[in-house]
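Q:
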Amino acid sequence: MMPRIFPPDVAVDPLRTAVVGLGYWGPNLIRNLNDLEDAELRWICDLDPSRLETFGRRYPTVRCTRDFDDLLADPELEAIAIATPVSTHYPLALAALEAGKHVFIEKPLAASVQEGQELVAAAADRELTLMPGHTFLYSPPVNMIRDLIHGGELGDIYFISMSRVNLGLHQSDVSVAWDLGPHDFSILRYWLEETPSHLSAMSRSCIIPTIPDIAFINLEYEQGAIAHVELSWLAPSKLRRTTVVGSRKMVVYDDVSNEPVRVFDSGVMLDDPQSFGEFQLSYRTGEIISPAVTPAEPLQVEMADFCTSIRTGRSPRASAALGVEVVRMIEAVDASLSSSGARISLVETALSH
Ligand SMILES: NC(=O)c1ccc[n+]([C@@H]2O[C@H](COP(=O)([O-])OP(=O)(O)OC[C@H]3O[C@@H](n4cnc5c(N)ncnc54)[C@H](O)[C@@H]3O)[C@@H](O)[C@H]2O)c1
6 MMPRIFPPDV
16 AVDPLRTAVV
26 GLGYWGPNLI
36 RNLNDLEDAE
46 LRWICDLDPS
56 RLETFGRRYP
66 TVRCTRDFDD
76 LLADPELEAI
86 AIATPVSTHY
96 PLALAALEAG
106 KHVFIEKPLA
116 ASVQEGQELV
126 AAAADRELTL
136 MPGHTFLYSP
146 PVNMIRDLIH
156 GGELGDIYFI
166 SMSRVNLGLH
176 QSDVSVAWDL
186 GPHDFSILRY
196 WLEETPSHLS
206 AMSRSCIIPT
216 IPDIAFINLE
226 YEQGAIAHVE
236 LSWLAPSKLR
246 RTTVVGSRKM
256 VVYDDVSNEP
266 VRVFDSGVML
276 DDPQSFGEFQ
286 LSYRTGEIIS
296 PAVTPAEPLQ
306 VEMADFCTSI
316 RTGRSPRASA
326 ALGVEVVRMI
336 EAVDASLSSS
346 GARISLVETA
356 LSH
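So the sequence shown is numbered by the numbering used here: it starts at 6 and just counts up by one.
1. How about H139 and R169: are their beta carbons less than 8 Å apart?
2. Kindly give me the distance between the Cβ atoms of L38 and A104, rounded to whole angstroms, as I take these residues to be in contact under 8 Å.
3. Alpha carbon to alpha carbon, how far is G318 from T93? Give it in angstroms, no decimals.
4. For P137, which residues does DSSP report across the bridge?
5. So who's on the other strand from E45, going by DSSP bridges?
6. Do W30 and V91 have their C-beta atoms within less than 8 Å of each other?
7. Confirm the yes/no value for this check: CB of P90, any heavy atom of ligand 1, distance under 7 Å.
8. Using C-beta distances below 8 Å, list every residue in its chain close to P296, excluding the 5 sequence neighbours before and after it, in chain order.
9. In terms of residue numbering, what span does the alpha helix (DSSP H) encompassing H155 cover?
10. Work out the CA separation of H155 and L204 for me, nearest whole Å.
11. Indicate, with yes or no, if ligand 1 has a heavy atom lying under 7 Å from the CB of V25.
12. State yes or no: is the C-beta of C211 within less than 8 Å of the C-beta of L185?
13. Buried or exposed, going by whether 16 or more other CB atoms sit within 10 Å of the CB of V352?
14. For ligand 1, is there any heavy atom lying closer than 7 Å to the beta carbon of C69?
15. Helix or strand or just coil, what does DSSP make of S345?
16. Could you tell me which uninterrupted beta strand (DSSP E) segments, each at least 3 residues in length, are contained entirely in the segment 181-237, listed from first to last along the chain?
17. Within a Cβ cutoff of 6 Å, which residues of the same chain sit near S97, ignoring the five residues on either side of it in sequence?
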């Protein structure tokens with residue numbers, strides 16, 4: 006069991022929670038909430054009775070229901086974690102907020118910016134916590150690289166290139182951009198603290214005719230950085246590899262390696278020309294450092310942040326505002342794809358919402 010997480014001056018009652026959606030991902034939320042000393046898992050909910058039976062047997066003290074309204078009607082229940090398909094996020098979360106419950110929603114926050122903004126307003130009106138499940142914001146390597154960027158160690162960020170590819174799992178209701186895009190887009194937003202000004206995308210629906218299963222996305226940022234994100238359910242091997250190239254140093258982040266972060270003291274300098282029209286370049290290939298990364302299960306830290314945010318009233322690291330920006334980026338991908346890869350201005354889409 007994870008030790009106490011609430012600061013000493015915070016009310017000590019464990020947070021009374023429920024999990025809705027016991028498919029592929031929901032059981033991870035159940036396990037982590039159940040492991041937190043400062044949370045009490047009271048309900049699990051799924052439309053599918055066989056899933057309820059499986060997890061009801063595993064957690065015998067937890068109440069089981071197929072009816073989401075049972076959760077809303079429990080006056081002692083404080084918070085609901087939602088791990089259902091994307092199209093159900095908005096109606097379930099809105100009903101929970103209207104019933105006075107704090108809400109955690111698995112990524113992406115909602116199926117459109119409009120829906121996301123309505124949820125943000127509903128939570129703010131009632132002073133409730135609304136948190137999207139952007140697990141990578143709680144990953145130790147991602148935080149280490151954020152510190153390197155913000156501490157200035159990498160210099161100006163020239164570009165970031167990301168690959169998130171493997172074989173499957175093909176989703177039947179959303180494209181690869183809605184399924185895998187939230188991970189890279191939330192990391193980019195967290196590292197650069199900026200939404201891209203422009204984005205363009207290409208994709209192909211290789212297997213299911215109407216569902217893009219590969220996407221190549223280019224992003225441009227006001228401060229000068231550019232980024233490329235490759236997403237795919239159709240690749241021979243699993244790659245989770247990001248390269249960050251700055252004016253001082255470069256980083257390779259490989260999430261499936263034992264050395265997930267490698268910092269290269271490498272770069273290129275353009276020296277002062279000796280004569281007009283002459284370029285002098287000096288290449289530097291210095292040491293490569295692989296800093297020790299403190300191990301932690303991101304999902305456990307994420308669930309702890311959800312509970313502490315509710316008890317203290319502070320915004321979680323994965324804020325609802327960040328969740329809306331991630332949805333804005335995915336909507337821009339769709340807008341680009343539906344106009345043959347056009348370069349979409351996110352400044353304009355922000356103004357139009
Ligand atoms: N953070 C991560 O790394 C991560 C990984 C995988 C999935 N996810 C997210 O988790 C969510 C669920 O994905 P999944 O792959 O587990 O889906 P899934 O289809 O495997 O499971 C969804 C479950 O929700 C249940 N459900 C649907 N509508 C319901 C309703 N109205 N009330 C109660 N139960 C209902 C279904 O019966 C099913 O058991 C998605 O938002 C997905 O993006 C996050």
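Idealized CB from N, CA, C, for every residue including glycine.
A: In this structure, then:
1. no
2. That pair is no contact at about 19 Å.
3. 26 Å
4. I110
5. R21
6. Result no, Cβ atoms of W30 and V91 do not sit closer than 8 Å.
7. yes
8. Counting only Cβ-Cβ distances below 8 Å, and skipping sequence neighbours, we find M149, V266 and V268.
9. P145 to H155
10. 24 Å
11. yes
12. For C211 and L185, no; Cβs fall outside 8 Å.
13. exposed
14. no
15. Note: S345 maps to coil in three-state DSSP.
16. 203-209, 219-225 and 231-237
17. Checking the sequence shown, residue 97 turns out to be Leu, not Ser. So the qualifying residues of the chain are I87.
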